[in-house]
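Contents: one structure, followed by commentary.
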Amino acid sequence: MNENEKIILTLLNKSGSLTKPEICNKGHMGWATAVKLINRLLESGVIENAGILKRASGQGKNPEIYRLSSKSPLAIGVDVEYKQTKIILTNLKGTILAGSTLDTPDNLDIKALKIFLSKSLSQFMTQYVSDKNILSGIGIGLPGIGKESWIKHNVNNSTEISLFLEEYLNTRVLVDINVRVYTVFEKWENRTFSHDDFMLITIRSGIGSGIFLNGNLYYGHQEHAGEIGHMTVNKNGIKCVCGREGCLQTEVNQNRLYKQYLQKVLLQKDVAHDDPPQEELLQNLPKLFSQAKNGDKAAAKIIQKTVGYLGKSIAHTLIILNIPHIIISGHFGTDGDVILKPLEEEIRKRILSRMDFSLSYLPLENKGFTVGAALLIFKDYFTDIPI
Ligand SMILES: [Zn+2]
Numbered sequence: 027m028n029e030n031e032k033i034i035l036t037l038l039n040k041s042g043s044l045t046k047p048e049i050c051n052k053g054h055m056g057w058a059t060a061v062k063l064i065n066r067l068l069e070s071g072v073i074e075n076a077g078i079l080k081r082a083s084g085q086g087k088n089p090e091i092y093r094l095s096s097k098s099p100l101a102i103g104v105d106v107e108y109k110q111t112k113i114i115l116t117n118l119k120g121t122i123l124a125g126s127t128l129d130t131p132d133n134l135d136i137k138a139l140k141i142f143l144s145k146s147l148s149q150f151m152t153q154y155v156s157d158k159n160i161l162s163g164i165g166i167g168l169p170g171i172g173k174e175s176w177i178k179h180n181v182n183n184s185t186e187i188s189l190f191l192e193e194y195l196n197t198r199v200l201v202d203i204n205v206r207v208y209t210v211f212e213k214w215e216n217r218t219f220s221h222d223d224f225m226l227i228t229i230r231s232g233i234g235s236g237i238f239l240n241g242n243l244y245y246g247h248q249e250h251a252g253e254i255g256h257m258t259v260n261k262n263g264i265k266c267v268c269g270r271e272g273c274l275q276t277e278v279n280q281n282r283l284y285k286q287y288l289q290k291v292l293l294q295k296d297v298a299h300d301d302p303p304q305e306e307l308l309q310n311l312p313k314l315f316s317q318a319k320n321g322d323k324a325a326a327k328i329i330q331k332t333v334g335y336l337g338k339s340i341a342h343t344l345i346i347l348n349i350p351h352i353i354i355s356g357h358f359g360t361d362g363d364v365i366l367k368p369l370e371e372e373i374r375k376r377i378l379s380r381m382d383f384s385l386s387y388l389p390l391e392n393k394g395f396t397v398g399a400a401l402l403i404f405k406d407y408f409t410d411i412p413i
């Protein structure tokens, strides 16, 4: 796509549908250029004719309306989490056309990960992608620091993964960290999300963050920026996948929160040591936050402990980066905002008194991880995907 074609697609994505005069006007394009590019986009199947705009009589010829095609191009988005891997097929409008959820095998090293992804994706493509020509590529979001073998050469390994899969699957493959693609999805999808400097912290099986500075994603040297989940918060804590103990994400994560809810709020005695079934967790974890909001003391105590660990890590980040907006995101339901007040108090205790910041909560939108991964591919079609 050339720059003007991207402008047309971006306008159509924002507006839904437009006529040629509207495209010329909004895209600051000459008539001849717009006509040429629209014809080219129609021929390649990226946009389609959506009918005729009916004008009142006497106002000239009724113009044709154009919109993004929902059939072509398509992209596959993959979200690899420690427990589950989700694969989706999506189009330029972000509609999910097919999806599949798999268990992520335990103790993956780089070789096992390559085998797992190549087999799963090959199967998915056979089942759902009937015409390989309309598949623009595959975007994959991975945990920032996974098993030990990913730690040392994360950058090389993501390149290694994409090159291996490109050859195996014969399509373009791009890889990034899953919380980063989620942050890009939120900034892109949520049009009111206008901050240039912010940090979005996601709490799932692990904790990660996407950092935007001056409107751009901050990667850091070796691309490890944002690994807040591996700050040590409890030196006698649980062993983390990174090999150390008491990382923020081993002390605070959705599995742990849910198990604490079962034990301390519902007073269940035989809570399994293993992680709970994810569907059950996603359905019931919001109750912990609702009950805390309704004044349940045991629920509030769990939140308070969570806030202690989380607040410490956020405060340290704020002191160094002075980021004005912090967004917390998790599968906590609409009452997840109950965490904000105690968290803000905890952070304020630990930062300079003159430092100001805003704290907000955004319920996690599951499709953001997979559609966000697909944006790695679709950034070639739009001008406004900030990655
Ligand atoms: Zn760790």
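Numbering of the sequence shown is given in the numbering used here, commencing with residue 27 and proceeding in unit increments. Note that CB positions come from ideal geometry on N, CA and C, so glycine has one too. Note that this is a predicted model, so its numbers are computed, not measured.
Practice task
Would you tell me roughly how many angstroms separate the C-alpha atoms of L401 and W214, rounded to the nearest one?
Solution key: It is roughly 10 Å from the alpha-carbon of L401 to the alpha-carbon of W214.
Problem - Buried or exposed (CB count within 10 angstroms, at least 16 for buried), K145 - result: Using a 10 angstroms sphere on the CB of K145, the tally of other CB atoms stays under 16, which defines it as exposed.
Problem - R421: CB within 7 Å of a non-hydrogen atom of ligand 1 - result: The first residue shown for the chain is 27 and the last is 413, placing residue 421 beyond what the model contains.
Exercise for the section: Tell me, to the nearest whole angstrom, how far the beta carbon of I203 is from that of L147; I am working on the premise that it is less than 8 Å. Expected result: Actually they do not touch by this definition, with Cβ atoms about 19 Å apart.
Handout entry: Any 3 or more C-beta pairs closer than 8 Å across the segment 36-43 and the segment 87-94
Key = Cβ pair count under 8 Å is three or more, so yes.
Exercise for the section: May I ask which residues mark the beginning and end of the alpha helix (DSSP H) holding L421? Expected result: In the structure as shown, the chain starts at 27 and stops at 413, and residue 421 therefore has no counterpart that could be examined.
Exercise for the section: Could you check the C-alpha separation between K367 and K405 for me, to the nearest Å? Expected result: Roughly 37 Å separates the two Cα atoms.
Practice task
Give the DSSP-derived three-state secondary structure of M225 in the structure shown.
Solution key: Correct three-state label for M225: strand.
Problem - First through last residue of the beta strand (DSSP E) which encompasses R374 - result: Here R374 belongs to no beta strand (DSSP E); instead the alpha helix (DSSP H) covers 366-376.
Handout entry: Local conformation of I411 per DSSP, three classes
Key = Note: I411 maps to coil in three-state DSSP.
Practice task
Work out the CA separation of G125 and G170 for me, nearest whole Å.
Solution key: Whole-angstrom Cα-Cα distance: 23 Å.
Exercise for the section: Going by CA-CA distance only, name the one from V205, P412, K158 that's closest to R198. Expected result: Among V205, P412, K158, the Cα nearest to that of R198 is on K158.
Problem - V207 beta carbon near ligand 1 (any heavy atom closer than 7 Å) - result: Not so, every heavy atom of ligand 1 lies at least 7 Å from the Cβ.
Practice task
Would you tell me roughly how many angstroms separate the C-alpha atoms of P412 and F211, rounded to the nearest one?
Solution key: Roughly 9 Å between the two C-alpha positions.
Exercise for the section: Evaluate the contact criterion for the segment 223-238 versus the segment 339-358: three or more CB pairs, one atom per stretch, below 8 Å. Expected result: Three or more Cβ pairs drawn from the segment 223-238 and the segment 339-358 lie within less than 8 Å of each other, which places the two stretches in contact.
Practice task
Decide if P303 is buried, meaning its Cβ has at least 16 other Cβ atoms within 10 Å, or exposed.
Solution key: By the C-beta density criterion, P303 is exposed, having fewer than 16 other C-beta atoms within 10 angstroms.
Practice task
Using the DSSP secondary-structure output, state which residues sit across from T111 in a beta bridge.
Solution key: Under DSSP, T111 takes part in a beta bridge, and its partners are V106, L128.
Practice task
Grab me the residues of P312's own chain with a C-beta within less than 8 Å of its C-beta, minus the 5 sequence neighbours each way, in chain order.
Solution key: A distance below 8 Å between beta-carbons, with the five flanking residues on each side excluded, links P312 to the following residues of its chain, in chain order: H357, F358, G359, T360, D361, G362.
Exercise for the section: Using beta-carbon positions only, say whether V205 and I187 come within less than 8 Å of one another. Expected result: Cβ atoms of V205 and I187: not closer than 8 Å.
Practice task
Compute the minimum distance between the beta carbon of V364 and the heavy atoms of ligand 1, and state whether it is under 7 Å.
Solution key: V364 Cβ: outside cutoff for every heavy atom of ligand 1.
Handout entry: T185 versus H299: straight-line alpha-carbon distance, rounded
Key = For the pair T185 and H299, the Cα-to-Cα distance works out to about 36 Å.
Practice task
Please classify Y108: is it buried, with 16 or more other beta-carbons within 10 angstroms of its beta-carbon, or exposed?
Solution key: Buried, since its Cβ has 16 or more Cβ neighbours within 10 Å.
Practice task
Could you check which residue in Y154, G232, P99, L118 has the C-alpha nearest to that of C266?
Solution key: Of the residues Y154, G232, P99, L118, the one whose Cα lies closest to the Cα of C266 is G232.
Problem - Start-end ranges of the beta strand (DSSP E) lying completely within the segment 303-347, minimum 3 residues - result: At a cut-off of 3 residues, not a single continuous stretch assigned as beta strand (DSSP E) sits fully inside the segment 303-347.
Handout entry: Closest Cα partner of P389 within the set T36, E249, Y208
Key = Nearest to P389 by alpha-carbon distance, out of T36, E249, Y208, is Y208.
Handout entry: D105 burial status per 10 Å Cβ neighbour count (16 or more: buried)
Key = Of the residues assessed, D105 falls on the buried side of the cut-off, its CB having 16 or more other CB atoms within 10 angstroms.
Exercise for the section: Kindly indicate which three-state DSSP category T116 falls into: helix, strand or coil? Expected result: Look at T116 here: in three-state DSSP terms it is strand.
Practice task
Note the first and the last residue of the continuous beta strand (DSSP E) segment covering I233.
Solution key: First-last of the beta strand (DSSP E) with I233: 233-239.
Practice task
Spatial neighbours of V61 within its chain, please: CB distance less than 8 Å, with the 5 preceding and 5 following residues excluded, ordered by chain position.
Solution key: Closer than 8 Å at the Cβ level, and outside the excluded window around V61, lie K46.
Handout entry: Inter-residue Cα distance where the pair is Y287 and I365
Key = Y287 and I365: Cα-Cα distance of roughly 15 Å.
Handout entry: Inter-residue spacing [alpha-carbon to alpha-carbon] between A318 and I329
Key = When only Cα atoms are considered, A318 and I329 end up about 8 Å apart.
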